[in-house]
Structure formats: C-alpha cells, structure tokens
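S.K.:
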Amino acid sequence: MTIVNTHQAEAWNDYEGRHWARNQDRYDRMLAASNVLLFEAAGIERGHQVLDIGCGTGQTTRIAARKAAGGHAFGVDLSGPMLDRARSTAGDEGIANVTFQQGDAQVFEFPQARFDAAISRGGIMYFADPVAAFANIGSALRPGGRLTFWCGREADEDQFGTVWAAMGKHIALPDPAEDTAPGPATFTTEEHIRKVLTQAGFHDVALRPGDAEAVYGRDATEAAEFIFGWGPVRFWLRDADEAAVGRAREAVTTALRALEKDGAVTAVTAAWLVSATWPGRL
Ligand SMILES: C[S@@+](CC[C@H](N)C(=O)[O-])C[C@H]1O[C@@H](n2cnc3c(N)ncnc32)[C@H](O)[C@@H]1O
C-alpha cells in the first residue's frame, strides 16, 4: 500500500481515527443533514459503480450502495480503525454490494475509467498535493463521470463560530490565516477549489452553498464533552493548564446552551456542495 500523506495516515490511524470509530453514531448524527444535499446532487442510480473518497466509517458508502442496487459502492480511506467500523456496520445492515479498502486516495491504484460517480462527505480536504489527488480520482471515473463532494465553507452563516470564539477567550487557538497544512481550513474558498479541480482535469466545476444543520449532542454538556474529545481540539489544548481548560469548557458549554433547540444542540455549518465532470463521452 503506497501512502504519501503520511502525517494524515498517522493521525487517522491513531487518536483521530479511533475517536471517529468510537463515536461513529455521534459523527453520523452530526453530519446527517449533509447526506440529503450530497445525494441529491450526486445523482446515483441503480446499477451505478460509486467511489466514496475518505469514506471513514462508511455511512455515505452504505447509502450509495443502496441507491446503486445492482451496482457497487467502493469506499477508500486511510484509517484502519474507521474501516473496521465501516465493514462491520455494512455487514450488520446486510449490505452486500459494498467493499472498503485502506489506502491513500492521492496515489491509490484505482481501476481506470470504472466509476460512474465519485462522492465524498468531507474526505477530500487532506491531500498534500490536491491536484495530483483529484487527477488520480478523475482517472477512476468513466468519461462523463461525476464528482460530488461536501466540504466546509468559511462564512458568517457558520453558527459554530460562537463556540470557537468562546473557547478562544481562554486558550490560544491557531490563526486560520496561518494554518497552511492540508485540512478543512485550507480547502474552503471557491477560487481554490475551482483552481484545483480545473488543474486536475475536471470540467463543469460548479459550487453552491450546501449549508447543513449539524447536531452536536442532546444538550450542551453532552455536546461539550464530544467537542473536547475531537483530535484537533485536544491538540490545541495540549499546552494549556487545567484551569484554562476548565474555563474554556465552561464558556463553550454556555455558548452551546444558546444553540439548544428541541432536545438537541444544533448549529448551521456553512459548507460547499461541489460537483464536476470528468471529460469525455460515455
Ligand atoms: C472528516 S473525516 C470524514 C469521514 C467520512 N467521509 C464521514 O463523513 O463520516 C475525513 C476522512 O478522510 C480520510 N482521509 C484523509 N486523507 C485521506 C487520503 N489521502 N486518502 C483516503 N482517505 C483520506 C480520513 O481517514 C477520514 O476518514
């Protein structure tokens, strides 16, 4: 297995991936509203061959497999612990037309011109060389095949900003402007996404806001406990003293309380819904 995104592979096979695997249901609940948007745009039909990039614990791969009945869904991901969950959940749900494989989508040796559709729910922002990665994904699509993905967007509509602001009053958070490592914060602008996909060889690149209401927990306390377990948050807290972490948690819980509604903590996540076509004729 060739891995070029070694730093990401370490993170997703260690704490980050284990946290996602352990909290599979919570993450899926958090992101559920985006599934509707992703699949409306992806246009998956019965018999299709579908590729799910950075499929994680595989909820979107399983949805794709059901929509592509008679066809197949293939999920690829760096994370062993998340793929273990993906395989066992698909087995529990009796979904036979799905397979998962561990690998780095940037260099994975995909079958060429095989897939009708490639999809991703937030699994395509971590490539060190995104142009090479999307060119590799494109080569797996049939001519005319569609890429559709959902990823974060920096915008005032993002209600979670109040939570980060509350945390940032007590601990030093990284300045997004200085964060240049591949990740959600560096794949958010229309200009950049358009440039990467076009250079990779995609046509008809289209972006539209895909804002979705994310669910963080049943109440503010549960949501704060979840958020303070996220890999990046633990990383930011690593040098903070216990008292500062306590104050940050209190402030975050207060901010989350303002987002409690109908038995859940919800916030609109600003996002892009992106689609593009791999050139050629079917
Ligand atoms: C934010 S999680 C999203 C997981 C899943 N798509 C979901 O919505 O539940 C990002 C995923 O991308 C995967 N990932 C990151 N870089 C990757 C790469 N180069 N190749 C394959 N998977 C990658 C991670 O292992 C992780 O599972």
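Throughout the sequence shown, residue numbering follows my numbering, covering 1 to 282 in sequence.
A virtual CB, placed ideally from N, CA and C, is assigned to each residue, including glycine.
Fair warning: this is a prediction, and the values are worked out from it, not measured in the lab.
To the nearest whole angstrom, what separates the beta carbons of Gln112 and Asp129, a pair I think is in contact under 8 Å?
M.R.: Between Asp129 and Gln112 the Cβ distance is about 19 Å, and since that is not below 8 Å, they are no contact.
S.K.: Assign Leu237 to one of three DSSP states: helix, strand, or coil.
M.R.: Residue state, collapsed to three classes: coil.
S.K.: For ligand 1, is there any heavy atom lying closer than 7 Å to the beta carbon of Thr89?
M.R.: Not so, every heavy atom of ligand 1 lies at least 7 Å from the Cβ.
S.K.: Can Leu197 be considered in contact with ligand 1, in the sense that its beta carbon sits closer than 7 Å to one or more heavy atoms?
M.R.: Not under cutoff, so the answer is no.
S.K.: Would you kindly check if the distance between the Cβ of Ile95 and the Cβ of Ala118 is under 8 Å?
M.R.: Their beta carbons are not under 8 Å apart, which means Ala118 does not touch Ile95 by this criterion.
S.K.: If you draw a straight line from the C-alpha of Trp12 to the C-alpha of Phe228, how long is it?
M.R.: Using only the alpha carbons, I get a separation of about 17 Å.
S.K.: List, from N- to C-terminal side, the alpha helix (DSSP H) runs of 4 residues or more that fit wholly inside the stretch 91-141.
M.R.: 130-140, all fully within the stretch 91-141.
S.K.: Are Phe187 and Ile193 closer than 8 Å when you measure CB to CB?
M.R.: Result yes, Cβ atoms of Phe187 and Ile193 sit closer than 8 Å.
S.K.: With a threshold of 7 Å (Cβ to nearest heavy atom), would Asp104 be considered close to ligand 1?
M.R.: Answer for Asp104: yes, Cβ within range of ligand 1.
S.K.: Gly246: beta carbon under 7 Å from a heavy atom of ligand 1?
M.R.: Every heavy atom of ligand 1 is 7 Å or more from the Cβ of Gly246, so no.
S.K.: Rank Val233, Ala240, Phe226 by C-alpha distance to the C-alpha of Arg22 and give the top, closest one.
M.R.: Nearest of Val233, Ala240, Phe226 to Arg22, Cα basis: Phe226.
S.K.: What does the Cβ neighbour count give for Asp104, buried or exposed, with the cut at 16 atoms within 10 Å?
M.R.: With 16 or more Cβ atoms within 10 Å of its Cβ, Asp104 is classed as buried.
S.K.: Which of the three DSSP states is assigned to His7 in this structure?
M.R.: If DSSP states are grouped into helix, strand and coil, His7 belongs with the helices.
S.K.: How should Asp25 be labelled, buried or exposed, when 16 other C-beta atoms within 10 angstroms of its C-beta is the threshold for buried?
M.R.: Classification of Asp25: exposed, given that the 10 Å Cβ count is below 16.
S.K.: Less than 8 Å separating the beta-carbons of Arg153 and Ala271?
M.R.: Yes, they are a contact pair.
S.K.: Just checking Val76 against ligand 1 - is the residue's beta carbon closer than 7 Å to any of the ligand's heavy atoms?
M.R.: Answer for Val76: yes, Cβ within range of ligand 1.
S.K.: Looking at Arg114 and Thr277, is the spacing between their C-beta atoms short of 8 Å?
M.R.: No, Cβ-Cβ distance for Thr277 and Arg114 is not below 8 Å.
S.K.: Please give the ranges of any alpha helix (DSSP H) in the stretch 152-180, keeping only runs that are unbroken, at least 4 residues long and fully inside the region.
M.R.: Whole alpha helix (DSSP H) segments, 4+ residues: 161-168.
S.K.: Quick one: grab the DSSP three-state call for Ala200.
M.R.: Looking at Ala200 - three-state DSSP - the assignment turns out to be helix.
S.K.: Mind checking which residues open and close the alpha helix (DSSP H) that includes Ser79?
M.R.: No alpha helix (DSSP H) contains Ser79, which DSSP labels as neither H nor E.
S.K.: Looking only at C-alpha atoms, which of Ser275, Leu38, Gly144, Val215 sits nearest to Leu207?
M.R.: It is Ser275 whose Cα lies nearest to the Cα of Leu207.
S.K.: Keeping to the same chain, check which residues put their C-beta closer than 6 Å to that of Val215; ignore five residues upstream and five downstream.
M.R.: The answer, listed in chain order, is Arg29, Met30, Ala264, Thr266.
S.K.: Using a Cβ-Cβ cut-off of 7 Å (strictly less than) and excluding sequence neighbours within five positions of Arg257, which residues of its own chain qualify?
M.R.: Contacts found: Ala220.
S.K.: Which residues share a DSSP beta bridge with Gly144?
M.R.: Paired residue(s): none; Gly144 is not in a bridge.
S.K.: Using 8 Å for Cβ pairs, my map puts Arg46 next to Gly70. What's the rounded Cβ distance?
M.R.: Yes, Arg46 and Gly70 are in contact; Cβ-Cβ is about 5 Å, under 8 Å.
S.K.: Out of Arg121, Gly210, Pro279, Arg247, which has the shortest C-alpha to C-alpha gap to Gly144?
M.R.: Residue Pro279 is the option with its Cα nearest to Gly144.
S.K.: Does DSSP put Leu273 in a helix, a strand or coil?
M.R.: Looking at Leu273 - three-state DSSP - the assignment turns out to be strand.
S.K.: Which value, in whole angstroms, describes the spacing of the CA atoms of Ala64 and Asp52?
M.R.: Near 8 Å, if we compare the C-alpha coordinates of Asp52 and Ala64.
S.K.: Just the Cα atoms here: how many angstroms apart are Gln59 and Thr253?
M.R.: Using only the alpha carbons, I get a separation of about 29 Å.
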